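Protein sequence lines correspond, in order, to chains C and X. Numbering-wise (our numbering), the first sequence opens with residue 107 and increments by one. Numbering-wise (our numbering), the second sequence opens with residue 13 and increments by one. Yeah, the Cβ is synthetic: ideal placement off N, Cα and C, and Gly gets one too. All of these numbers come straight from a predicted model, not from anything done at the bench. To start, the structure under review is shown below, and the notes come after it.
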Amino acid sequence: MIRFVERRVAFVSRTNKSKTEIAAPSVPGRVQRLALFGPPPLIEGEDAAVYDQLLARIFAAVKPVDVIDEMFTADVVSLEWEVLRLHRLKWSLIRARGLEFLQDFLAKHLDYDLYSERFVDDLAEILQDDLPEDQAKEAQMLAYKCARNEADAVDKVNEILAGKRLRLDPILDHAKDHKVKELAQEYARREPGAVTLVHELLAGAGLSMDRFMANALVLKLDDIERIDRLITTAASRRDASLREIERRRAFLGETLRRSVQEIEDGEFEVIEPTPAEGKNAA
Amino acid sequence: MNARASTGPQTAQGRARALRNAFRHGLSLPLCSNPALSEEVETLAREIAGPDANAETQDLARQVAEAQIDLRRVRYARYQLLSRALADPYYEPRENTRNKAALLRFLLQKNAPDLPVEILVAFLNSTPQGPHKFATILSQEAKQLLAMDRYERRALSRRKSAIRAFDETRRRPND
């Protein structure tokens, strides 16, 4: 979308290169006027530097010739920012819901081997509370044996946990939840190991990430439609501002042509032939 | 027809409510009612008209400036609405608040079932986050955003007409 706007503003700029250089306003004056047009429409989490960059790029491409041009250009910038924000929101919304579906899937299909290590660490931490510091290794070993389902170790752990009013199952579930979230986040960051593992698990169940995304889209359809309407409104207003800039450039060109004609008319007087010259010619 | 036949609110309560209509977001108040905005209109109008402008040009420049400052006011109101909602850590759909209140009322009754405290606390503290929060705000505030959009559309239309009229006077050859 930025490219589209830049292409349009570049077109406006290219077709009027000589004229725009005539009355480019001074930068301090422009900064003052931009304040009159409104503060940068930044919301929580948006980067002011990125907005300033977009502003500078579009102003450099359009090269506004007067205050009204600046008004329209500032409009293009803020509306384009809004369009980008809404596109981002739409994508994040589908992606977040898609990842929630993935987490639900992983919670059902994650192999015990993949979170047993985490389970051992969590359990060992709990067991260490009841053992002297120098026996930390023993707690780790007991947790490890328990995780391997060795009967003696399981009984001993259950005995210790009962004294603490705890049970094994919630600790196991906690370890699984943690691993599921971790794996989903790694997948979202496109870490190669996580991507391969998730795709293997999905393929094993005859599923794909596309299906989760499609489900997310269906579930969020009302929100998506609302965002799409907002995008359409902002984009059409942005385009209307660009059209007004183009219209004014054409008008400026016409005014300049007329001025040049008036100057030429004043400079070169039409000299009527004198009667004597007429006679000589005859 | 019905609107024309209406004589407005009848009760004292209705009249009081109608009186406050213009102050809900202040967007229907004229710019001249705010001295700071009026000053900004004058400053911008001077910039637009340029030096040595005749009375007609100055008047049209003022119309452009008024529409522009009005547009800024509408956009700022919308920006404030979104920013405030996004910054509110407890923002949630009204339906969620009602559900939470209903659950609490139910749990305070005699013979109410025991619910694990952690689950209850997690439910009461749950609010939409990230993109879900933004989407919730757009949905919950849709009515107000739509009203603001109407003001924005009108201001844009006034500005466009005013700019075209302003450009037209400059197109005319000087007398």
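If you drop the 5 nearest sequence neighbours on each side, which residues of the same chain put their C-beta closer than 8 Å to that of PRO105 of chain X? PRO140, THR148, SER151, GLN152
Helix, strand or coil, according to DSSP, for ALA89 of chain X in the structure here? helix
Where does ASP153 of chain C sit, in a helix, a strand or coil, going by DSSP? coil
What is the residue span of the alpha helix (DSSP H) that ARG172 of chain X lies within? The identity of residue 172 of chain X in the sequence shown is Lys, whereas the question assumes Arg. From DSSP, the alpha helix (DSSP H) with LYS172 of chain X extends over 154–183.
Throw me the rounded Cβ distance for the ALA300 of chain C and LEU208 of chain C pair, which I believe falls under 8 Å. Not a contact, Cβ separation roughly 11 Å.
Using a C-beta cutoff of 9 Å, does ALA154 of chain X count as contacting chain C? yes
Name the chain C residues whose beta carbon is nearer than 8 Å to that of THR55 of chain X? LEU142
When Cβ atoms are compared, which residues of the segment 333–356 of chain C fall closer than 8 Å to chain X? ILE333, LEU336, THR339, ARG343, ALA346, GLU350, ARG354
Are the CB atoms of LYS172 of chain X and ALA141 of chain C within a distance shorter than 9 Å? no
Could you check where the alpha helix (DSSP H) with SER184 of chain C kicks off and where it finishes? 173–215
Check ASP69 of chain C in the structure and name its three-state DSSP category. Since the displayed chain C opens at 107 and closes at 388, residue 69 of chain C lies outside it and no answer follows.
Please list, in chain order, the residues of the segment 276–295 of chain C that have any C-beta partner in chain X closer than 8 Å. none
Chain X contacts from the segment 187–204 of chain C (Cβ-Cβ distance under 7 Å): LEU195, SER198, LEU199, ALA202
What does MET247 of chain C reach in chain X if we use C-beta pairs closer than 7 Å? Within chain X, no residue comes near MET247 of chain C; the closest Cβ sits about 31 Å away, beyond 7 Å.
May I have a chain-ordered list of the alpha helix (DSSP H) segments no shorter than 4 residues that lie completely inside the segment 300–342 of chain C? 315–325
Under a CB-based cut-off of 9 Å, is MET177 of chain C close to chain X? yes
Using only alpha-carbon positions, find the residue among C:LEU192, C:ALA340, C:ASP235 that is nearest to LYS270 of chain C. C:ASP235
Would VAL183 of chain C and ILE164 of chain C qualify as a contact pair, given that the criterion is a beta-carbon distance under 9 Å? yes
Continuous alpha helix (DSSP H) stretch holding LEU136 of chain X: start and end: 129–137
Continuous beta strand (DSSP E) assignments of at least 3 residues falling wholly in the segment 68–126 of chain X: none
Whole angstroms is fine: what's the gap from ARG343 of chain C's alpha carbon to PHE211 of chain C's? 42 Å
Just how far apart, CA to CA, sit THR302 of chain C and GLU292 of chain C? 11 Å
Residues in its own chain within less than 8 Å of SER50 of chain X by CB, not counting five upstream and five downstream? LEU43, CYS44
Would you call GLU151 of chain C buried or exposed, if buried means 16 or more other Cβ atoms sit within 10 Å of its Cβ? Residue 151 of chain C is actually Gly in this sequence, not Glu. GLY151 of chain C should be labelled exposed.
Take LEU337 of chain C and list the residues in its own chain whose beta-carbon comes closer than 7 Å to its own, dropping the five residues that flank it on each side. Note that residue 337 of chain C is Ile in the sequence shown here, rather than Leu. Cβ within range, chain order: VAL189, LEU192, HIS193.
Taking the alpha-carbon of LEU168 of chain X as reference, which of C:GLU368, C:ALA162, C:ARG364, C:MET177 has the nearest alpha-carbon? C:MET177
Coarse secondary structure for ALA65 of chain X, derived from DSSP in three states: coil
Short CB-CB distance (under 9 Å) between TYR102 of chain X and chain C: no
Are VAL263 of chain C and LEU237 of chain C closer than 9 Å when you measure CB to CB? no
Contact list for the segment 150–181 of chain C against chain X, Cβ threshold 7 Å: GLU150, VAL173, ILE174, MET177
Between the segment 150–174 of chain X and chain C, which residues of the former have CB atoms less than 9 Å from a CB of the latter, in chain order? LEU150, SER151, ALA154, LEU157, ASP161, GLU164, ARG165, LEU168, ARG171, LYS172
Mapping DSSP to helix, strand and coil, what is ARG58 of chain X? helix
Helix, strand or coil, according to DSSP, for GLY144 of chain C in the structure here? coil
Please state the DSSP three-state secondary structure of ASP397 of chain C. With chain C represented from 107 up to 388, any question about residue 397 of chain C goes unanswered, as that position is not in the structure.
Check whether GLU78 of chain X and ALA97 of chain X have beta carbons under 9 Å apart: no
Let's test the definition: count the other Cβ atoms within 10 Å of the Cβ of PHE117 of chain C and tell me whether it reaches 16, buried, or not, exposed. Its pLDDT being 41, under 50, PHE117 of chain C is placed unreliably by the model, and nothing is read from it.
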